[in-house]
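Remarks on the structure that follows.
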Amino acid sequence: MALENSLPSCRKRRINFRSVWWFLLLLCCICDKVLGQIRYTIPEELKKGSTIGNVAHDLGLNVERLRSGRARIVTRQSIQYTELQTDKGVLVVNERIDREQLCGEITPCSFTFEMLLENPMELHRIMVEVSDINDNSPVFTKEMIKFEISESAAMESRFMLPSAEDADVGSNGLQKYTLSTSDVFSLKQHSSPDGRKYAELVLQKSLDRESEPKISLKLIAADGGTPPRSGTVNIDITVLDVNDNPPIFNQSLYRTAVSENALRGTYITTINATDADFGSNSIITYRFSNMKEQLTDIFALDEVTGIITLKGEVDYEKDRKYEIVIEAVDQGGLTDSAKVLIEILDINDNAPVINVMSFSSPVPEDSPVGTTVAIINVVDADSDKNGRITCSTDRVLPFKIKSTLTNYYALLTDSSFDREVVPEYNITVRATDSGSPSLSITAILRLRISDVNDNAPVFDKINYVAHLTENNAPGMSVFSVKARDLDFNQNAKITYFVEDTQINGSPMSSYVSMNSETGVMNALRTFDYEQIKEIQLVVKAQDGGSPPLSSNVTVKILIQDQNDNPPQVLYPVQTGGSVVAEMVPRSADVGYLVTKVVAVDVDSGQN
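What follows is the structure, encoded as structure tokens:
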């Protein structure tokens with residue numbers, strides 16, 4: 001396997017083992033890390049479990065990070081070709097990889113996926129390039145190639161041969177054709193602009209139907225693998241009598257275009273050839289030459305008029321152009337060929353697709369600005385401006401979208417949160433392409449905001465005044481306080497306390513008690529107005545957060561008097577319970593002051 005990077009910084013030694021195809025082909029790697037992107041190269045057809053590369057080492061991560069970050073592979077392919085062994089930090093083959101099935105003729109062949117880690121979020125892109133091995137032989141689509149050639153065919157006349165197909169690429173693909181020994185025909189090989197190789201039979205000697213009415217040859221197609229593979233087809237040539245003018249196309253290359261949304265039966269172009277012969281020898285029919293099997297379901301050719309129409313569906317995202325070879329054949333078997341290049345025009349027929357790769361909910365209300373909430377992947381199967389995507393979210397919400405890797409976006413916080421004001425958000429993410437008209441798609445993310453202890457309890461009054469009649473029973477409820485906390489759950493659970501102060505040298509806890517959950521205060525003793533007329537204390541409300549927050553309130557308890565004391569006579573003084581005697585002169589007039597009585601009552605007011 002080989003690991004590569006666009007900015008090499010370290011190069012490891014390269015090991016190259018080559019053996020027959022049934023042995024594993026191991027290649028050593030060139031490894032670098034640039035912005036979380038790595039590249040490996042492996043041969044196709046590796047056994048399941050074969051090691052591709054040490055991802056942890058090549059990304060500079062340890063195995064523990066892979067496990068704690070719940071590292072996983074994210075791929076858009078229907079088959080997961082690779083598996084990440086997080087306990088070892090290595091990437092291994094999970095399914096058989098057939099380069100021809102995966103990429104066809106596309107080179108280099110590769111597939112890309114991402115490795116996602118969390119806590120914190122990380123995204124690394126991994127590209128695996130699959131190199132070809134020579135596991136396919138050239139194959140001809142026909143079991144027999146038949147030609148009908150007039151004996152009057154001119155020297156150097158050319159007859160196009162059906163091409164062989166080799167699913168391999170590069171040096172393992174089709175390299176050359178050879179022809180069995182013949183003194184009548186030679187073989188001329190060609191390469192088309194796209195690299196496809198084809199051959200023509202070239203007439204080297206005049207034909208004589210009377211002496212040799214049939215000619216049999218063998219055409220061999222060979223690839224360049226080690227060892228090479230080959231395929232063979234028989235050529236059966238029937239020599240016809242006197243047709244000395246081949247058809248000639250009015251142009252060698254036809255260019256045309258059709259939109260990918262074109263309906264079946266849509267006219268594409270008309271090809272035209274003429275034949276200088278007369279009568280039946282001038283009648284021309286048209287046919288596809290070297291036509292790939294899948295193209296026969298897409299295009300139709302009228303063999304008489306030369307009109308090419310759309311038979312199936314074309315998709316710009318699958319094939320952007322088609323190159324077709326048309327043969328014009330007269331009744332004598334003479335042919336000419338022309339190429340038709342059909343360009344597929346892209347239309348905006350694919351809306352973007354949003355994939356939420358990772359989403360963190362809830363997030364704490366004290367999260368800093370710029371916190372990553374979600375990682376979103378947006379793809380559009382269209383090309384150019386039709387596939388150019390703009391990703392956005394509602395501007396009124398405290399979030400923003402930031403592009404990270406290609407087709408990946410991060411949803412970030414753009415301002416601070418307050419759970420007590422907004423406990424959750426419905427975030428609309430909109431992806432819009434640049435087509436005309438544009439297509440868009442939306443996804444709604446429901447984000448909950450978790451509480452932090454940022455609100456202290458608040459009493460419903462600034463201070464409290466309570467009244468308690470003296471001679472109360474111990475344990476009697478005096479009054480209650482109430483506080484509320486805007487936070488949630490444990491952060492809003494309030495506990496009440498009485499601050500421990502002194503009254504007449506005794507602790508406050510010996511006078512009153514407070515229910516820590518309800519805030520109800522009870523008297524612990526019988527109060528005597530004549531001794532204590534009021535009590536002033538401080539009640540503390542504390543929440544259950546970490547660290548806890550609290551607030552205090554002053555409570556004044558006024559003791560109310562009862563008439564529980566009789567008056568006491570101070571004068572005249574009584575002794576021993578005897579009656580007090582006062583002397584009054586016999587001559588005293590009405591209104592004479594006999595004595596003055598003085599009494600006191602320790603009660604108050606009306607009492």
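If you're matching positions, the sequence shown starts at 1 in the UniProt record's numbering and goes up one per residue.
Just so it is clear, CB atoms sit at the ideal spot from N, CA and C, and this is done for glycine as well.
This one's a predicted model, so the numbers in the text were calculated from it and none came from an experiment.
Is there at least one Cβ from chain C nearer than 8 Å to residue i's Cβ?
i, result
"S416", "Among the chains in the structure shown there is no chain C, since it carries only a single protein chain."
Within 10 angstroms of its Cβ, does residue i collect 16 or more other Cβ (buried), or is it exposed?
i, result
"G545", "buried"
"D451", "buried"
"W22", "Because the pLDDT at W22 is just 31, under 50, the model does not fix this residue reliably, and the point stays unresolved."
"M583", "exposed"
"N491", "buried"
"E114", "buried"
"residue 632", "This structure gives no information on residue 632, because the portion of the chain shown stretches from 1 to 607."
"L207", "buried"
"N348", "buried"
"S157", "buried"
"F399", "buried"
"R419", "buried"
"P572", "exposed"
"A221", "buried"
"D433", "buried"
"S131", "buried"
"G332", "buried"
"S587", "exposed"
"L46", "buried"
"V597", "exposed"
"L263", "exposed"
"D380", "buried"
"R99", "buried"
"T393", "buried"
"V169", "buried"
"G435", "buried"
Which same chain residues end up closer than 7 Å to residue i when comparing Cβ atoms and leaving out the 5 residues on each side of it in sequence?
i, result
"F527", "L468, E470, N472, I559"
"F479", "Y464, A466, M521"
"D414", "V369, P398, F399, K400"
"S367", "T413, F417"
"P228", "A222"
"S110", "M127, V128, E129, V130"
Flag this pair as yes or no: are the beta carbons of residue i and residue j separated by less than 8 Å?
i, j, result
"V93", "T82", "yes"
"I375", "M121", "yes"
"N119", "G49", "no"
"Y356", "A431", "Note that residue 356 is Val in the sequence shown here, rather than Tyr. No, the pair does not count as a contact, with Cβ atoms beyond the cut-off."
"A456", "S361", "no"
"A273", "D336", "yes"
"L66", "T86", "yes"
"L405", "L102", "no"
"N234", "K218", "yes"
"D277", "N245", "yes"
"L117", "A56", "no"
"F488", "V553", "no"
"L439", "F359", "no"
"Y286", "G306", "yes"
"R448", "E424", "yes"
"E293", "D382", "no"
"S282", "A338", "no"
"V429", "I354", "yes"
"D454", "I494", "no"
Identify, in the order they occur along the chain, each residue of the same chain with its Cβ nearer than 6 Å to the Cβ of residue i, setting aside the five sequence neighbours on each side.
i, result
"S171", "G224"
"L593", "none"
"T51", "V90, V92"
"S403", "Y409"
"residue 637", "An answer regarding residue 637 cannot be provided, because it is not within the stretch 1 to 607 covered by the chain."
"L25", "Confidence at L25 is low in this model, with a pLDDT of 33, below 50, so the placement of that residue is unreliable and no value is reported for it."
"T112", "M127"
In chain order, what residues of the same chain have a beta carbon less than 8 Å from the beta carbon of residue i, not counting five sequence neighbours either side?
i, result
"V498", "M508, S509, V512, S513, M514, M521, L537, V538, V539, K540"
"N290", "M160, P162, S163, Y198, V325"
"S230", "S137, P138, I220, A221, A222, D223"
For residue i and residue j, which I take to be in contact (beta-carbon distance under 8 Å), what is that distance rounded to the nearest angstrom?
i, j, result
"R209", "V184", "Their Cβ separation, rounded to whole angstroms, is 12 Å, which puts R209 and V184 out of contact at 8 Å."
"D236", "I145", "7 Å"
"I298", "P352", "The pair is not a contact, with the Cβ atoms about 27 Å apart (cut-off 8 Å)."
"I344", "D319", "6 Å"
"L187", "T181", "Not confirmed; about 11 Å, so no contact."
"V258", "I268", "6 Å"
Subject >> Those runs of the alpha helix (DSSP H) which lie wholly inside the region 439 to 476 and span at least 4 residues >> reply: none
Subject >> Complete beta strand (DSSP E) runs within the region 296 to 383 (minimum length 3 residues, chain order) >> reply: 299 to 301, 307 to 310, 321 to 330, 335 to 345, 353 to 359, 372 to 379
**OP:** Enumerate, from N- to C-terminal direction, the unbroken beta strand (DSSP E) stretches of 3 or more residues contained entirely within the UniProt domain "Cadherin" (141 to 249).
**Re:** 144 to 150, 158 to 160, 174 to 179, 185 to 191, 197 to 203, 214 to 223, 230 to 240
Original post:
At what residue ranges does the UniProt domain "Cadherin" (84 to 140) contain a whole run of the alpha helix (DSSP H), taking only runs of 4 or more?
Top reply: 99 to 103
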